[in-house]
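Beneath this line is the structure, given in structure tokens, with notes to follow.
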Amino acid sequence: MTRSGFCKKCLAFSLGLLGASVASAQGNNIIDKSRAAEIAQEKFGGELFGKIKKIKADDGSIIYEVRLDNNGRMTIVYVDGRGNITQKK
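Under mature numbering (1 follows the signal peptide of the UniProt record, and there is no 0), read the sequence shown as residues -25 to -1, 1 to 64, first letter to last.
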């Protein structure tokens, strides 16, 4: 095997590893407080009211409690680390 052939194989192998690591990182897709607020406002409308609370669930995942003001009516919304949203009843 020549040196250039060896270098090409090493380059292809390293690019494959890089692609696999990027794909796994995008699969987790953890969000932060500001993105949680954006998701809540897109779904329910209204303006952000108060602070966004960061809550740790029993399984270790992170949940954000977002409070929204809709024309004087308070809406409390929970957004998990993957962007799934639920409204408090």
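By construction, the Cβ of each residue, glycine as well, lies at the ideal position given by its N, Cα and C atoms.
Pairing I27 with A12 gives a Cβ-Cβ distance under 8 Å.
Distances from the alpha-carbon of K8 to those of K64, G21 and R57 put R57 closest. Of the candidates Y39, S(-22) and R10, the residue whose Cα lies closest to the Cα of V52 is Y39. In the structure shown, I14 adopts helical secondary structure according to DSSP, grouped into three states. The beta carbon of G20 lies closer than 8 Å to those of L43 and N45 in the same chain, with the five residues before and after it left out.
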